[in-house]
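Have a look at the structure below before the remarks.
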Amino acid sequence: MHLLQEDIKKIVESTGLVNEHDYQAAEEEAVRSNRLVLDILIGKGFIDEKYLAGSIAKFLNVPQISFSANDISQDILKLIPEAFAKNRGVILFEFNPEEKRGKLAMLDPEDFYTVNYLRTLLDAWLDIYLMSQSDLKFGLRQYKKKINEEFGKVIEENLKESIGIAGALDMSKMIEAVPIVNIVNTIIEHAATLGASDIYFEPFENKLTVRYRIDGILQEILNLPPVIAPILVARIKVLANLQIDIHNAPQDGRFRFPIEDQFVDVRVSVIPTFHGEKGEMRLLKGSLRPLTLYELGFSQNDLPKIEIAIKKPRGMILVTGPTGHGKTTTLYAILGILNTPKVNITSVEDPIEYDIPGVNQTQVNVKSGLTFASGLRSLVRQNPDIIMVGEIRDSETADIAINAALTGHRLLSTLHTNDAPTSIPRLIDLGVPPFLISSTLNVVIAQRLVRRICNACVRSMKPSKELLNVLQSHLKSMGVKAKMPETIYQGEGCSVCGFSGYRGQIGLFEILYVSDAIRELIIAKTSTNIIKDKARAEGMRLIFEDGLSKIESGQTTLEEVLRVAVE
Numbered sequence: 001m002h003l004l005q006e007d008i009k010k011i012v013e014s015t016g017l018v019n020e021h022d023y024q025a026a027e028e029e030a031v032r033s034n035r036l037v038l039d040i041l042i043g044k045g046f047i048d049e050k051y052l053a054g055s056i057a058k059f060l061n062v063p064q065i066s067f068s069a070n071d072i073s074q075d076i077l078k079l080i081p082e083a084f085a086k087n088r089g090v091i092l093f094e095f096n097p098e099e100k101r102g103k104l105a106m107l108d109p110e111d112f113y114t115v116n117y118l119r120t121l122l123d124a125w126l127d128i129y130l131m132s133q134s135d136l137k138f139g140l141r142q143y144k145k146k147i148n149e150e151f152g153k154v155i156e157e158n159l160k161e162s163i164g165i166a167g168a169l170d171m172s173k174m175i176e177a178v179p180i181v182n183i184v185n186t187i188i189e190h191a192a193t194l195g196a197s198d199i200y201f202e203p204f205e206n207k208l209t210v211r212y213r214i215d216g217i218l219q220e221i222l223n224l225p226p227v228i229a230p231i232l233v234a235r236i237k238v239l240a241n242l243q244i245d246i247h248n249a250p251q252d253g254r255f256r257f258p259i260e261d262q263f264v265d266v267r268v269s270v271i272p273t274f275h276g277e278k279g280e281m282r283l284l285k286g287s288l289r290p291l292t293l294y295e296l297g298f299s300q301n302d303l304p305k306i307e308i309a310i311k312k313p314r315g316m317i318l319v320t321g322p323t324g325h326g327k328t329t330t331l332y333a334i335l336g337i338l339n340t341p342k343v344n345i346t347s348v349e350d351p352i353e354y355d356i357p358g359v360n361q362t363q364v365n366v367k368s369g370l371t372f373a374s375g376l377r378s379l380v381r382q383n384p385d386i387i388m389v390g391e392i393r394d395s396e397t398a399d400i401a402i403n404a405a406l407t408g409h410r411l412l413s414t415l416h417t418n419d420a421p422t423s424i425p426r427l428i429d430l431g432v433p434p435f436l437i438s439s440t441l442n443v444v445i446a447q448r449l450v451r452r453i454c455n456a457c458v459r460s461m462k463p464s465k466e467l468l469n470v471l472q473s474h475l476k477s478m479g480v481k482a483k484m485p486e487t488i489y490q491g492e493g494c495s496v497c498g499f500s501g502y503r504g505q506i507g508l509f510e511i512l513y514v515s516d517a518i519r520e521l522i523i524a525k526t527s528t529n530i531i532k533d534k535a536r537a538e539g540m541r542l543i544f545e546d547g548l549s550k551i552e553s554g555q556t557t558l559e560e561v562l563r564v565a566v567e
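Per UniProt numbering, the sequence shown runs over residues 1 to 567.
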């Protein structure tokens with residue numbers, strides 16, 4: 001919204017809910033966290049979002065609209081594409097084609113370019129209303145409402161026909177039958193609509209269970225009769241170009257699935273189990289741009305230091321953490337900083353999660369002999385400036401990676417360790433001498449993903465004594481001294497987040513900068529604890545400490561931090 005800071009302050013003062021001291025504190029926090037002052041005040045509970053929207057509407061002399069109690073007609077919504085509505089922050093909620101008049105809700109009523117464009121597009125006069133962020137999110141969810149409401153109906157209707165054809169036709173015909181195609185397509189589209197990262201088809205004796213992983217948490221969606229389990233898995237195999245007649249060996253593949261105006265890349269894994277083949281689909285939004293380090297959750301204090309480390313002319317950058325906690329996404333964000341026309345960047349990945357313009361990306365293919373090690377060996381011969389290897393998982397890959405970093409290349413990769421300092425003994429276990437680690441390693445980033453509190457229903461509260469005792473106990477066990485938070489935050493649950501209180505994910509990070517002092521400790525083969533203590537003395541924050549910071553700033557909850565950051 002095109003409001004000056006002085007106007008924002010006037011609007012807030014007009015509510016009488018925020019004093020000068022609290023407003024100044026919110027301004028300072030906004031600068032530190034690179035957030036908006038209004039978002040800080042709303043998150044801390046000083047002012048209600050919709051009440052504030054009313055004050056802004058009064059200041060701008062436009063009417064306010066709230067959607068929380070009313071649905072919006074699908075026929076009206078579809079007049080403006082969802083992607084445009086999301087990008088421009090607009091919702092068309094009333095329209096009369098006969099009178100050529102409608103009502104348009106906007107985050108920024110002063111965006112006259114968008115107003116004029118839509119008036120021309122619809123050939124109608126539009127009355128403008130101001131809405132809040134939560135109203136926009138509610139409106140955008142209405143675009144998804146149809147598929148959510150019809151999901152069960154579509155599955156049920158096609159299920160009856162699917163059971164009827166099961167066993168009546170040969171497999172090659174069953175997998176192309178309309179009901180089977182509809183069920184698989186509907187599940188994929190429904191999962192993508194809910195923001196799921198994974199879909200699981202799990203066969204059991206009396207059922208086929210379908211589960212989604214949403215924001216890192218598994219949710220059971222539906223159970224289907226076991227008779228159609230092999231047909232659905234076979235259909236998935238066809239989409240991923242796998243062998244439908246092989247049932248006793250794992251298979252991997254991928255395909256691209258169209259949803260509205262974009263494509264979702266789907267990585268498929270099929271593996272035999274006791275009750276049949278289990279299928280898993282990883283939904284990769286490959287058509288979208290990679291996130292920035294700030295969007296991933298790196299603090300403003302860490303960003304300049306990270307950029308210095310990753311822009312060194314040679315050396316190794318490692319990201320560590322468990323599977324599914326965003327290591328590759330962080331590597332892509334780093335590549336986004338390094339990717340310029342002046343450098344040659346090449347990668348070996350399994351899988352390629354994003355198609356990045358300007359980066360030569362190679363997919364691992366074990367069947368043809370293209371592994372991380374063999375691919376890396378070939379890439380080095382082409383003398384790229386920057387190399388990304390999806391994972392260092394064996395001594396051969398580690399040896400080639402270290403030598404590449406030693407001979408003038410910047411190398412990015414991942415390891416599986418619990419924290420940043422233990423990446424050093426892990427490399428030693430893979431056969432890398434300490435003096436080579438000391439010579440090549442620039443920075444290690446350990447990370448975990450936690451669910452982010454829903455911005456639409458976040459509320460502040462005082463932590464209970466029981467909660468503070470739990471927090472104090474964990475801090476004591478880790479040897480961490482920290483001030484107890486006076487205020488914590490929680491999502492109450494609303495239509496925007498599906499009443500979970502969470503929407504999206506954010507990273508918790510532990511960043512080990514390899515200083516000269518750390519290099520000396522590595523060469524001296526000192527213990528991991530000594531290296532950790534030195535790194536902390538130089539400013540390294542533990543994952544739990546970063547989590548505590550994000551609890552205090554209202555980005556996540558203590559329960560989420562305890563879930564992922566406590567061993």
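All residues carry an ideal CB built from backbone N, CA and C; glycine is no exception.
- Boundaries of the beta strand (DSSP E) harbouring A105: 101 to 106, taken from the DSSP string.
- Residue range 302 to 310 is occupied by the alpha helix (DSSP H) that includes A309.
- Taken through DSSP and simplified to helix, strand or coil, A482 comes out as coil.
- Within a 10 Å sphere around the beta-carbon of G315 sit 16 or more other beta-carbons, which makes this residue buried.
- Beta-bridge annotation (DSSP): R448 is paired with L508.
- For the pair V210 and L222, the CB atoms are nearer than the 8 Å cut-off.
- In the three-state scheme derived from DSSP, where H, G and I count as helix and E and B as strand, P230 is classed as helix.
- Boundaries of the alpha helix (DSSP H) around G54: 49 to 60.
- Contact check between the region 457 to 475 and the region 491 to 498: three or more CB pairs, one atom from each, fall below 8 Å, which counts as touching.
- Taking C-beta atoms under 8 Å as the contact rule, N206 and I183 fail to qualify, at a distance of about 19 Å.
- 8 Å or more divides the Cβ of V319 from the Cβ of Q505.
- Taking the C-beta atoms as reference points, I453 is found no nearer than 8 Å to Q300.
- When rounded, the separation of the alpha-carbon atoms in A26 and I40 is 6 Å.
- Residue nearest to D108 within the set P63, K100, E99, H325 is P63 (criterion: CA-CA distance).
- Here the C-alpha atom of I392 lies approximately 15 Å from the C-alpha atom of P433.
- Looking at the DSSP output, P357 shares a beta bridge with no other residue.
- Counting every other CB atom within 10 Å of its CB across the protein chains shown gives S347 a total of 16 or more, marking it as buried.
- DSSP, reduced to helix, strand and coil, places N158 within a helical segment of the structure shown.
- In the three-state reduction of the DSSP assignment, N403 falls in the helix class.
- Boundaries of the alpha helix (DSSP H) around K476: 465 to 477.
- Under the three-state reduction of DSSP output, F435 falls in the helix class.
- DSSP, reduced to helix, strand and coil, places N365 within a strand of the structure shown.
- Counting along the chain, the unbroken beta strand (DSSP E) around S269 starts and ends at 262 to 273.
- Per the C-alpha coordinates, the member of F255, M106, I386 positioned closest to I56 is M106.
- Assigned with DSSP and collapsed to three states, M388 falls in strand.
- Straight across, the Cα-Cα distance linking A482 with L449 is about 22 Å.
- Nearest in C-alpha terms to S134, of all of S439, M174, I91, R119, is I91.
- Boundaries of the beta strand (DSSP E) around D252: 251 to 259.
- Our two residues, G501 and G139, have alpha carbons roughly 18 Å apart in a direct line.
- Judged by DSSP in its simplified three-state form, N344 adopts coil rather than helix or strand.
- Around the beta-carbon of K312, fewer than 16 other beta-carbon atoms lie within 10 Å, marking it exposed.
- Following the DSSP letters along the chain, one finds S460 inside the beta strand (DSSP E) bounded by residues 458 to 461.
- Note that the region 530 to 544 does not touch the region 333 to 342; fewer than 3 beta-carbon pairs, one per stretch, sit closer than 8 Å.
- Between the alpha carbons of L412 and I437 lies a distance of about 14 Å.
- Secondary structure of E98 (DSSP, three-state): coil.
- Residue burial annotation: N19 is exposed, with fewer than 16 other C-beta atoms found within 10 angstroms of its C-beta.
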